[in-house]
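Chains as they are written, first to last, in my numbering: chain L, 1 to 621; chain X, 622 to 780.
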C-alpha cells in the first residue's frame, strides 16, 4: 500500500469517530491527524530525493548515464506515495519507510522488511517475465539495497545499554523461506537469489535468516548451509513450525502466525500486526547469588532482595530452590511494575505516529503503536544465563545435598574467595559434577525447573496495552555485563567472568557432541517462549565436504523435530580466534557469530572474545 | 559483484561511524518555535518529524540505485535528545572508547554544550523513567539483576 492509501484509511477512521458515545474520540482524532502529517512528511522526503536526482540528471551530459538519475527521480516521485509496481520501486518504497521509522525515534531494532522473498516475488516474476529485466539486474538492485542497511550504524548507546548491546549492528533480520498462509512451502526462486546476495555481500547489516519448515526442500537448507560454511554466521536457522506454534500459544490467528517470523536476534512476531517489546534482560544467576546471601548483594553489601534465609540452614535442595523461586518472583514483580509505568511514559510523551501507520490496526483503532494500537501487544522479559544457572543449581544439589562432597559453608567460603585456595572444591564442581548440554537428565531436569519458574513468574501477566508479558531467552552481549556484576558461582565459574550465552551450555562444558547439546536444549518447552537462542561452534575442517553439510542439516532437522526454535553456527577454529586476538590488524574482516547477530571479531571486547574462544569446538558431528 | 556494488560496499565498510547532530539540531529548532505548546502531543511529534524530513540533508551516493540516508551521509549516527541527552562526558566516552566508538568533532561538542544539552536536559524520557522508578527498582537495576531496554531507545520490535 502507498501512503496515499493510508491517508484514505485515516480519513475514513476520522469519519467513523463517534463523539457522542466514545470518550476517546478526541484523543483518537489527534492521533489520526498526527498519522496524516507523518504520511505527508515521508512523501515530502521522497519528493526531495526525486528533485535531487533530477538535478543530477540535468548536470549529466552523457545521455546514457543520464538515464539512471532520471529513473531514480521518477521512482522517488511515485513511491512511497503510491503502491510500488516493480522490484526497484518496492525496494525504494521500503527504504523510505525504513528511514522514516529510524528517524522518528531510535526504535529497538531498526525496522525490517520481513519476509523479503514473499514480499517481492510478484514484482520479481513480473519484472522477469513481462518487463525483460534480467536476474542480474535484480541482483544488483538487491545488493544496492543491502548496502543501505550497512550504512546505518545502530544509534550511539551509553551506560548499561551499551554494555548489553555493544555493537554497530541494528538487528534488521531478513527472513527467507518458511510457509505461505495455507501452510505450504514458501521457498521460491528469489529465496535462492537472496542467499546468493547474502553470500556475496558478506556484510553485517542486514542480518539474515532462513525459516525451515517440514515442507522446506532440502536443497534450500543445503544452499543456506553453504553460506553458513563460509563462516560469517549468516543466515541463522529457524524452525517455522516452532514460530507458528509459539504464536498460536499466544492466541494469534494461524494466518497471522504463518505470515510472521523472527526479527532482531530470535524474537517471534506477527509481522505488520504486532508490537513485541523487549523490556530488559533478566539475570537469573544474580538471583541465585542473592539467594545464597539472604538477599544481600555481596558486591555492595546492600540488602536488595528478600530475606529468604541463611543458606547454611537449608536442609534440602528443595529449601534452597524455594528460596530461589521466591527471590525470582520478587524481582520479576519489581521489573513488571517498572515496565507498566515505563510503557505509560512512552505512550504519554513519545507516541510514534509514523510507525503507527505501518502496523495493523493502529489506523483503524485510532491508537498509537506505543499505546496499544497494534493488533497484538506483547512485552517480553529476556532470561539470561540458562547454562550457568543450571550448572550452579545442579552443583549445589549434587555436591552439598546429595553426595555431600562439601558443606554449604565450605562452598560459600570458596565463592567468597573466588576459589583461591579452594582448588579441590573447584575441581569437583568443574569436572565431577553433571552439566547441562550433555543430555544428562540430572542437570537437564534443573534446566526445566528454572525454565518453568521463570515462565510462571512472567507469562500472562498483563501489560498496559491490552496484551501480556511473555518470556524469551537471548542475551546479545549482556551475558558479559551480567557476569561482570557477579562473584564466583557454584558451577566453578570465577568472579566477573561471562555467563553462558542464550540457551547454549556453559562454554566448554558440553563434551558429548552436538547431538547431546540439542537433546539437552530441547528439554525446555520452546513453544511457550517467544524465542530461544542456541549457538554451536564447528571447526572449518569438519564442514568441508557436502556430505558433512548434510549431516549438519540432519542435526538441524532433528533439533526442529524436538521443537527447537533456532540454531546457529560459528565455523571457525579457536586457533584462528587466538591469532586474531594477537594480531587484530591481520584479521580486520574476520566475522563471528556472537549471540543472535554477527560482528567483526576485532570489534568485540576482550572478555567477549575470550568467551567465544572458550565455547566448545565440535570436531565431529 | 559489479563494479558499482563493489565501490558502494567499499564506501560502506571504510567510512568511520560518527555522531551527527543534524537530527538533534532540527528537532531543537522545531521545539524552540513554541508550536508544540499549541497542539496535542501526537501532532507535535508528527510536526517535528515533518520538520526534520523537510530540512535534512539529501544524500545520493555515487552510483547507488536505492537512495536515502538517515543522516547527512553513510555512517553518520543521529542522536535523539528527546529520549537520551548525551552529556559532554558521554560524548567523550563515545569518541574515545576502544570498541564501538563514534567520532565526535569539536563543532559537535560545541553545539551540544551550547544548544542541545541546555534545551533538553530534564525533558528526556530517560530522565523521566529513572525519576519514576522505585528505590527497589533502582537498587535491582544498579545491582545488575535486570536491564531496561526503554531507557535509551524507543519501543519498536516490529516488522
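The beta carbon of each residue, even a glycine, is placed where N, CA and C say it ideally should be.
- Query: Below 8 angstroms between beta carbons: does that hold for residue 331 of chain L and residue 287 of chain L?
  - Reply: The residue you call residue 331 of chain L lines up with position 331 of the first chain. The residue you call residue 287 of chain L lines up with position 287 of the first chain. Contact flag set, yes.
- Message: What are the residues in the segment 358-377 of chain L lying within 9 angstroms of chain X by C-beta distance?
- Response: 358, 359, 368, 369, 370 and 374
- Task: Check the Cβ-Cβ distances between residue 703 of chain X and every residue of chain L, and say whether any is below 8 angstroms.
- Result: Counted from its first residue, the second chain places residue 703 of chain X at position 82. Output row for residue 703 of chain X: interface = yes.
- Message: I need the DSSP call for residue 166 of chain L, collapsed to helix, strand or coil.
- Response: Locating residue 166 of chain L in the first chain gives position 166, counting from the first residue. Coil, per DSSP.
- Message: Less than 8 angstroms between the C-beta atoms of residue 110 of chain L and residue 102 of chain L, yes or no?
- Response: Walking along the first chain from the start, residue 110 of chain L turns up at place 110. Walking along the first chain from the start, residue 102 of chain L turns up at place 102. For residue 110 of chain L and residue 102 of chain L, yes; Cβs fall inside 8 angstroms.
- Message: Please report the straight-line C-alpha distance between residue 130 of chain L and residue 198 of chain L, rounded to a whole angstrom.
- Response: Taking the first chain and counting its residues from 1, the one referred to as residue 130 of chain L is at position 130. Taking the first chain and counting its residues from 1, the one referred to as residue 198 of chain L is at position 198. Looking at the two C-alpha atoms, the distance is approximately 26 angstroms.
- Query: Start and end of the alpha helix (DSSP H) containing residue 426 of chain L?
  - Reply: Reading the first chain from its first residue, position 426 is the one you call residue 426 of chain L. Run containing residue 426 of chain L: 423-431, per the alpha helix (DSSP H) assignment.
- Task: Use the C-beta contact count for residue 507 of chain L: other C-beta atoms within 10 angstroms, 16 or more gives buried, fewer gives exposed.
- Result: The sequence position of residue 507 of chain L within the first chain is 507, counting from 1. Buried, by the Cβ-count rule.
- Task: Identify which residue in L:89, L:472 and L:48 has its Cα closest to the Cα of residue 459 of chain L.
- Result: The count along the first chain starts at 1 and reaches residue 459 of chain L at position 459. Nearest of L:89, L:472 and L:48 to residue 459 of chain L, Cα basis: L:472.
- Message: List, in chain order, every chain X residue whose beta-carbon is nearer than 8 angstroms to that of residue 155 of chain L.
- Response: Here residue 155 of chain L is taken as the residue at index 155 of the first chain, counted from 1. Within chain X, the residues near residue 155 of chain L are 698, 699, 700, 701 and 774.
- Message: So that I know if they touch, is there some Cβ in chain X lying closer than 8 angstroms to that of residue 582 of chain L?
- Response: Position 582 of the first chain, counted from the start, is the residue given in the question as residue 582 of chain L. Chain X, which has no Cβ nearer than 8 angstroms to the Cβ of residue 582 of chain L, makes this no.
- DSSP state of residue 249 of chain L, grouped into three classes? Translated into the one-based positions of the first chain, residue 249 of chain L becomes position 249. Note: residue 249 of chain L maps to helix in three-state DSSP.
- Using the beta-carbon of each residue, which ones in chain X are nearer than 9 angstroms to residue 194 of chain L? As a working mapping, residue 194 of chain L is identified with position 194 in the first chain. In chain order: nothing, as chain X lies at least about 15 angstroms away.
- Task: Tell me residue 635 of chain L's beta-bridge partners as DSSP assigns them.
- Result: With chain L running from 1 to 621 in the structure shown, residue 635 of chain L is simply not present.
- Query: So, is residue 431 of chain L buried or exposed, given that buried needs 16 or more other C-beta atoms within 10 angstroms?
  - Reply: In the first chain, residue 431 of chain L corresponds to position 431, counting from 1. By the neighbour-count rule (16 or more Cβ atoms within 10 Å), residue 431 of chain L is not buried but exposed.
- Message: Just to confirm the assignment, what range does the alpha helix (DSSP H) spanning residue 98 of chain L have?
- Response: Walking along the first chain from the start, residue 98 of chain L turns up at place 98. Residues 87-104.
- Query: At a cut of 8 angstroms, does the segment 272-286 of chain L reach the segment 334-354 of chain L through at least three beta carbon pairs?
  - Reply: yes
- Task: For chain X, find out if any of its Cβ atoms is closer than 8 angstroms to the Cβ of residue 300 of chain L; answer yes or no.
- Result: Taking the first residue of the first chain as 1, we reach residue 300 of chain L at position 300. Taking Cβ atoms only, chain X reaches closer than 8 angstroms to residue 300 of chain L, which makes this a yes.
- Query: residue 281 of chain L by DSSP, collapsed to three states: which one?
  - Reply: Against the first chain, residue 281 of chain L aligns to sequence position 281. The answer is strand: DSSP assigns residue 281 of chain L an E or B state.
- Just reading off the beta strand (DSSP E) that residue 316 of chain L is part of, what are its end residues? Here residue 316 of chain L corresponds to residue number 316 of the first chain, with the count starting at 1. Looking at the DSSP string, residue 316 of chain L is not in any beta strand (DSSP E), and its letter there is neither H nor E.
- Measure from the C-beta of residue 297 of chain L to each C-beta in chain X and report whether the shortest distance is under 8 angstroms. If you number the first chain from 1, residue 297 of chain L lands on position 297. Yes - at least one Cβ of chain X is within 8 angstroms of the one on residue 297 of chain L.
- Quick one: what does DSSP say residue 699 of chain X is sitting in, helix, strand or coil? Indexing the second chain from 1 puts residue 699 of chain X at position 78. Residue 699 of chain X: strand per DSSP, three-state reduction.
- Message: Within a Cβ cutoff of 7 angstroms, which residues of the same chain sit near residue 526 of chain L, ignoring the five residues on either side of it in sequence?
- Response: For the purposes of this step, residue 526 of chain L is taken as residue 526 along the first chain, with counting starting at 1. Here the set comprises 242, 532, 563, 564 and 565.
- Since residue 444 of chain L is in the alpha helix (DSSP H), which residue starts that stretch and which ends it? For the purposes of this step, residue 444 of chain L is identified with residue 444 of the first chain, where counting begins at 1. Its alpha helix (DSSP H) spans residues 441-458.
- Message: On a Cα-Cα basis, can you pick out the residue from L:209, L:13 and L:424 that is closest to residue 239 of chain L?
- Response: Residue mapping note: residue 239 of chain L aligns to position 239 of the first chain, counting from 1. Nearest C-alpha to residue 239 of chain L: L:209.
- Query: From the beta carbon of residue 143 of chain L, is the nearest beta carbon of chain X less than 8 angstroms away?
  - Reply: Within the first chain, numbered from 1, the residue matching residue 143 of chain L stands at position 143. Residue 143 of chain L counts as touching chain X.
- Query: What residue does the alpha helix (DSSP H) around residue 709 of chain X start on, and which one ends it?
  - Reply: Within the second chain, the letter at position 88 stands for residue 709 of chain X. Note, residue 709 of chain X: alpha helix (DSSP H), 709-717.
- Item | Close-in-space but distant-in-sequence residues of the same chain around residue 599 of chain L (CB under 6 angstroms, 5 per side omitted) | For this step, residue 599 of chain L is matched to residue 599 along the first chain. Correct list, in chain order: 167.
- Going by the beta-carbon positions, is the gap between residue 107 of chain L and residue 692 of chain X smaller than 8 angstroms? Taking the first chain and counting its residues from 1, the one referred to as residue 107 of chain L is at position 107. Taking the second chain and counting its residues from 1, the one referred to as residue 692 of chain X is at position 71. No, these two residues do not count as a Cβ contact at 8 angstroms.
- Message: Using 8 angstroms for Cβ pairs, my map puts residue 269 of chain L next to residue 568 of chain L. What's the rounded Cβ distance?
- Response: In the first chain, the residue the question calls residue 269 of chain L occupies position 269. In the first chain, the residue the question calls residue 568 of chain L occupies position 568. Between residue 568 of chain L and residue 269 of chain L the Cβ distance is about 18 angstroms, and since that is not below 8 angstroms, they are no contact.
- Query: Who are the neighbours of residue 738 of chain X on chain L, taking C-beta pairs under 7 angstroms?
  - Reply: Counting from 1 along the second chain, the entry for residue 738 of chain X is found at position 117. Within 7 angstroms Cβ-Cβ: nothing; residue 738 of chain X doesn't reach chain L, min ~14 angstroms.
- Message: Per the DSSP calculation, residue 378 of chain L is bridged to which residue(s)?
- Response: Position 378 of the first chain, counted from the start, is the residue given in the question as residue 378 of chain L. Residue 378 of chain L is bridged to L:276 and L:468.
- Message: Short of 6 angstroms in beta carbon distance, which residues of its chain neighbour residue 414 of chain L, apart from the five on each side in sequence? Order them along the chain.
- Response: Translated into the one-based positions of the first chain, residue 414 of chain L becomes position 414. Contacts found: 422 and 425.
- Item | residue 539 of chain L vs residue 437 of chain L beta-carbon contact at 8 angstroms | Counting from 1 along the first chain, the entry for residue 539 of chain L is found at position 539. Counting from 1 along the first chain, the entry for residue 437 of chain L is found at position 437. No, Cβ-Cβ distance for residue 539 of chain L and residue 437 of chain L is not below 8 angstroms.
- Task: Determine the contact status of residue 144 of chain L and residue 681 of chain X, defining contact as a CB-CB distance below 8 angstroms.
- Result: The residue given as residue 144 of chain L occupies position 144 in the first chain. The residue given as residue 681 of chain X occupies position 60 in the second chain. Taking 8 angstroms as the Cβ cut-off, residue 144 of chain L and residue 681 of chain X do not qualify as a contacting pair.
- Task: Give a yes or no on whether the minimum CB-CB distance between residue 644 of chain X and chain L is below 8 angstroms.
- Result: The residue labelled residue 644 of chain X in the question sits at position 23 within the second chain. Closer than 8 angstroms: yes.
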